[in-house]
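First the structure, in the form of structure tokens, and then the observations on it.
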Amino acid sequence: MRMKKMIPILLVAAAVALCGCSKSTLSNPVNKESITEKSANVEHRKVRIATGGTGEPYSLLSSDGKDWTGIDAEMWSEISKRTGWEIEFKQAEFSSLFGELDAGRIDVAANCFATTKARMEKYITSHPYYGDAQCVIVNEDQSDINTLEELKGITIGVTQGQASQVSVEKLADTYQWNVVVYETSDTGYQDLYLKRINAMATTDSLVHKYEKSQNMKFHILDNRLLANNVAYYFQQNDKGQELCNEVNQVLDEMMKDGTTSKIITKWMYSDMTKMIRD
1 MRMKKMIPIL LVAAAVALCG CSKSTLSNPV NKESITEKSA NVEHRKVRIA
51 TGGTGEPYSL LSSDGKDWTG IDAEMWSEIS KRTGWEIEFK QAEFSSLFGE
101 LDAGRIDVAA NCFATTKARM EKYITSHPYY GDAQCVIVNE DQSDINTLEE
151 LKGITIGVTQ GQASQVSVEK LADTYQWNVV VYETSDTGYQ DLYLKRINAM
201 ATTDSLVHKY EKSQNMKFHI LDNRLLANNV AYYFQQNDKG QELCNEVNQV
251 LDEMMKDGTT SKIITKWMYS DMTKMIRD
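Here this note's numbering is used: the first residue of the sequence shown is 1, the next is one more, and so on.
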């Protein structure tokens, strides 16, 4: 008889314990919200990115296409961590990269692209994640040259697809320049170093990179071309706008907590987030 009385008491205790656990779980909105957000994000979407992938510090894809390094690789790795998105990247020639976006075969064009007027009119642009200045360089033994006027009638190189290409081609008639367009910056820098061309239109970031990594030394003219913000590009439609809005939220967080600054400083040798212009 004594054993029979104890059974209901144990059942009541177990029920109370279960109720207590259930109440504790439901009263923790942070955990519930995190799980919900994570599930929604992971259930979500695959984001397709096209990049030139030809060289660091911007973007470099390995020969087998499996490894992605450089600024944009680390930026999108962080974006993926914070959203749960699956990132699918592919390589495209600069001449056809935006065509991939036009055709809807990708969702984002990412190769540390400057925000030119023409691009911003045709595509939706993310918030900038750093700023870069367009410049003209000559070899170190011409360090007395500091203005474009002193480069009249010379041969100047520029990398295809860079914002500086637009600037140089606009100024070509004024300064009687013979413009040589290179598929990769590496080739242009080598030609300048070997004095096959007289000058190269490029960016501050690339100058710093080549001087440190390739043991080269160049002189940057005081007379700059332009300063450009750097951003990501999306299709000009509702889908593109929606994705851009979500990316902007993450970019703002990364800028605020210093993550972007660390990534840019690692690859550019200086914090070029401070060069973003309004």
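Heads up, the beta-carbon is just placed ideally off N, CA and C, and yes, glycines get one too.
For the pair MET254 and ASP132, the CB atoms are not nearer than the 8 Å cut-off.
Straight-line spacing of the CA atoms in TYR232 and THR259 works out to 17 Å. Between the alpha carbons of THR54 and TYR182 lies a gap of roughly 12 Å.
Counting along the chain, no alpha helix (DSSP H) covers ILE156; the unbroken beta strand (DSSP E) around it starts and ends at 155 to 159.
PRO128 is not a Cβ neighbour of TRP267, given a cutoff of 8 Å. Per DSSP, the continuous beta strand (DSSP E) segment holding THR203 begins and ends at 199 to 203. In this structure, the CA atom of THR147 is about 7 Å from the CA atom of ASP222. It is roughly 18 Å from the alpha-carbon of GLU93 to the alpha-carbon of VAL166. Assigned with DSSP and collapsed to three states, ASP144 falls in coil, not helix or strand.
When beta bridges are read from the DSSP output, SER59 appears opposite GLY55. At a Cβ-Cβ threshold of 8 Å, VAL136 and LEU225 count as neighbours. The beta-carbon distance between TYR123 and VAL230, rounded to whole angstroms, is 14 Å. This is too long to meet the 8 Å contact definition. Cβ atoms of VAL207 and ILE79 stay farther apart than 8 Å, at about 28 Å. Around the beta-carbon of LEU194, fewer than 16 other beta-carbon atoms lie within 10 Å, marking it exposed. Apart from the 5 residues on each side of it in sequence, LEU151 sits with its Cβ closer than 6 Å to the Cβ of ALA199 in its chain, given in chain order. For the options ILE220, ASP102, GLN176, ILE264, the alpha carbon positioned closest to that of SER143 is the one of ILE220. Of the candidates LYS170, ALA110, PHE234, the residue whose Cα lies closest to the Cα of GLY70 is ALA110. Runs of the beta strand (DSSP E) spanning 3 or more residues and lying entirely within the region 109 to 144 occur at 130 to 139, in chain order. Leaving aside the five residues that flank CYS244 on each side, the residues in its chain whose CB is nearer than 7 Å to its CB run, in chain order, ILE124, SER126, PHE234. Cβ neighbours of ASP72 within its own chain (closer than 7 Å, five residues either side excluded): THR51, TYR58, SER59, ALA110, ASN111, CYS112. The three-state reading of DSSP puts ASN215 in coil, since its state is none of H, G, I, E or B.
Non-local C-beta neighbours of ILE197 in its own chain, meaning closer than 7 Å and more than five positions away in sequence, comprise THR155, ILE156, GLY157, VAL180, ASP191, ordered along the chain.
In the assembly as shown, THR202 is a buried residue. Its beta-carbon has 16 or more other beta-carbons within 10 Å. A check of alpha carbon separations from THR83 across ASN248, LYS256, LYS239 identifies ASN248 as the nearest. Straight-line spacing of the CA atoms in ASN237 and GLY99 works out to 15 Å.
If you draw a straight line from the Cα of SER95 to the Cα of LYS81, it comes to about 31 Å. In the three-state reduction of the DSSP assignment, TRP177 falls in the coil class, being assigned neither a helical nor a strand state. Looking at ALA114, ASP204, TYR175, GLN176, the one whose alpha-carbon comes closest to that of GLY161 is ALA114.
In its chain, beyond the 5 residues on either side, THR155 have a beta carbon closer than 6 Å to the beta carbon of ASN178.
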